[in-house]
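Colleague: Dumping the structure here so I can ask a few things about it.
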Amino acid sequence: MSQSMPRTINEYLEQLRYALRSEDPALIQDALYDAEDHLRSEFAENPNVPPAELLARIASSYGAPDEVADIYRDKERVVQSALKPPAPPVRTSALAKFFGVAADPRAWAATIYMLMAMPLGIFYFTWAVTGLSLSLGMMILVIGLPLTVLFLATVRVISLVEGRLVEVMLGERMPRRPIYAQRGLTLVERVKQLFTDTRTWTTLFYMTLMMPLGIVYFTTAVVGFTLGASLFLNPIVSLFWDIGLLNIDGEVFNLPLVLQPLQMILGIVLLFAMLHLARGVAKVQGAFAKHLLVQAG
Numbered sequence: 001m002s003q004s005m006p007r008t009i010n011e012y013l014e015q016l017r018y019a020l021r022s023e024d025p026a027l028i029q030d031a032l033y034d035a036e037d038h039l040r041s042e043f044a045e046n047p048n049v050p051p052a053e054l055l056a057r058i059a060s061s062y063g064a065p066d067e068v069a070d071i072y073r074d075k076e077r078v079v080q081s082a083l084k085p086p087a088p089p090v091r092t093s094a095l096a097k098f099f100g101v102a103a104d105p106r107a108w109a110a111t112i113y114m115l116m117a118m119p120l121g122i123f124y125f126t127w128a129v130t131g132l133s134l135s136l137g138m139m140i141l142v143i144g145l146p147l148t149v150l151f152l153a154t155v156r157v158i159s160l161v162e163g164r165l166v167e168v169m170l171g172e173r174m175p176r177r178p179i180y181a182q183r184g185l186t187l188v189e190r191v192k193q194l195f196t197d198t199r200t201w202t203t204l205f206y207m208t209l210m211m212p213l214g215i216v217y218f219t220t221a222v223v224g225f226t227l228g229a230s231l232f233l234n235p236i237v238s239l240f241w242d243i244g245l246l247n248i249d250g251e252v253f254n255l256p257l258v259l260q261p262l263q264m265i266l267g268i269v270l271l272f273a274m275l276h277l278a279r280g281v282a283k284v285q286g287a288f289a290k291h292l293l294v295q296a297g
């Protein structure tokens, strides 16, 4: 679809958005932010040049919206290829696939994220609830609106930070730039946009949900890996110390010696199963974060 030369910054950005309409929303957000930043810098340096003429110059140097969209697609393929972990060896048997998860760096990164999720979730929840409470409580005062705007601005910052954690640790493509904010709007219009942008409120929803999710992730990871390690190490440790699989009122209980090899095998299976679970959590949590934190394309 051929488009006429944009006459304003907003027209340029809308054409760029349209050209990237089939791409990842995170990529669209990054491209819009970069393009707007470049365009407004050019307009600030050339205040006396008519907008249509300046945009024509920019299109010949920075690129027309369609050309910029192609550049971002190519760059995204290169970046994703560079960030992609090495492909694991091809494994044909089910047993090799099951134990081969130990060579997947994403599984270990997701495990670390599960352990981090509870303290992060508590912080997010506390910040969201405290900020909303103070904002609503102060709304009747002069300071109420500025405080609310400041709080919602921090929510967007937290959204970007969480997105970087999700991309690095869970492998889900997330924005690397702030939300496209249409910086040509007046202060009143930008404040209104902050309140009416659905991503502001979905991010707050995400922050409140992260506490229960974080508790579930942390508890599952700690219990699962601890139990697996205990089952595997108990027969070895009990040879040197009087430590049982169960200790009740000072009484030590261990499985019969003939069953302890099976206990160790069960422990190893549980440890590897937890890595598979962590990899599954990475996919689910990544999709959840993408849906609530990323500006729709």
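So the sequence shown is numbered by the UniProt record's numbering: it starts at 1 and just counts up by one.
The beta-carbon is built from N, C-alpha and C at its ideal position, and this holds for glycine as well.
Within 10 angstroms of its Cβ, does Val68 collect 16 or more other Cβ (buried), or is it exposed?
Modeller: buried
Colleague: Identify which residue in Gly121, Leu141 and Ser133 has its Cα closest to the Cα of Ile215.
Modeller: Gly121
Colleague: Output the boundary residues of the alpha helix (DSSP H) element that contains Asn10.
Modeller: First-last of the alpha helix (DSSP H) with Asn10: Ile9 to Ala19.
Colleague: Pairing CB atoms from the stretch 164-178 with CB atoms from the stretch 271-287, are three or more of them under 8 Å?
Modeller: yes
Colleague: Nearest-angstrom Cα distance between Tyr72 and Leu95?
Modeller: 41 Å
Colleague: Could you spell out where the alpha helix (DSSP H) holding Arg176 opens and where it closes?
Modeller: First-last for Arg176: undefined, no H or E at that position.
Colleague: Closest by CA to Leu132, which one among Val142, Thr111, Met118 and Val155?
Modeller: Val155
Colleague: Which same chain residues end up closer than 8 Å to Ile158 when comparing Cβ atoms and leaving out the 5 residues on each side of it in sequence?
Modeller: Excluding sequence neighbours, Ile158 sits near Tyr124, Trp127, Thr203 and Met207.
Colleague: In whole angstroms, what is the alpha-carbon distance linking Met1 and Asp70?
Modeller: Annotation note: pLDDT 46 at Met1 (below 50); position unreliable, coordinate value reported separately. In a straight line, the C-alpha of Met1 is about 14 Å away from that of Asp70.
Colleague: What separation, rounded to the nearest whole angstrom, lies between the Cα atoms of Ser60 and Leu54?
Modeller: 10 Å
Colleague: Can you give the Cα-Cα distance for Thr219 and Phe43, rounded to whole angstroms?
Modeller: Answer to the nearest angstrom: the Cα atoms are 53 Å apart.
Colleague: Restricting to Cα atoms, I'd like to know which of Thr8, Leu293 and Val222 is closest to Leu209.
Modeller: Of Thr8, Leu293 and Val222, the residue nearest in Cα terms is Leu293.
Colleague: Given a cut-off of 8 Å, decide if Leu152 and Thr200 are closer than it, judged by their beta-carbon atoms.
Modeller: yes
Colleague: With burial defined as no fewer than 16 other Cβ atoms inside 10 Å of the residue's Cβ, what is the status of Asp30: buried or exposed?
Modeller: Using a 10 angstroms sphere on the CB of Asp30, the tally of other CB atoms reaches 16 or more, which defines it as buried.
Colleague: How would you call Met114, buried or exposed, if buried means at least 16 neighbouring beta carbons within 10 angstroms?
Modeller: buried
Colleague: Taking its Cβ as the centre, do 16 or more other Cβ atoms sit within 10 Å of Gln80, making it buried, or is it exposed?
Modeller: exposed
Colleague: Do Ile28 and Leu20 come within 8 Å of each other at the CB atom, strictly closer than that value?
Modeller: yes
Colleague: Do Pro65 and Pro6 have their C-beta atoms closer together than 8 Å?
Modeller: Yes, the pair counts as a contact, with Cβ atoms nearer than the cut-off.
Colleague: Expressed to the nearest angstrom, what Euclidean distance is found between the alpha-carbon atoms of Val166 and Ala109?
Modeller: Distance between Val166 and Ala109, taken at the CA atoms: about 10 Å.
Colleague: What is the rounded straight-line gap between the Cα of Leu13 and the Cα of Arg176?
Modeller: Straight-line measurement puts the Cα of Arg176 at about 18 Å from the Cα of Leu13.
Colleague: Taking all protein chains shown into account, decide if Pro261 is buried (16 or more other Cβ within 10 angstroms of its Cβ) or exposed.
Modeller: exposed
Colleague: Within its chain, find whatever has a CB closer than 6 Å to the CB of Ile58; leave out the 5 residues flanking it on each side and keep chain order.
Modeller: The residues are Glu42.
Colleague: Rounded to whole angstroms, what's the CA-CA distance from Glu189 to Thr198? Just pull it up for me.
Modeller: 15 Å
Colleague: Once you ignore the five residues that flank Thr196 on each side, which residues in its own chain have a CB closer than 6 Å to its CB?
Modeller: none
Colleague: What whole-angstrom Cβ distance do Val149 and Val101 have, given they're in contact under 8 Å?
Modeller: Incorrect: roughly 46 Å between the Cβ atoms, too far for contact.
Colleague: Straight-line CA distance for Gly267 to Asp37?
Modeller: 54 Å
Colleague: Note down the Cα distance separating Pro51 from Gly63, rounded to an integer number of angstroms.
Modeller: 16 Å
Colleague: Quick one: using the 10 Å Cβ neighbour count with 16 as the cut-off for buried, is Ala287 buried or exposed?
Modeller: By the neighbour-count criterion, in which 16 or more other beta carbons inside 10 Å mark a residue as buried, Ala287 falls on the exposed side.
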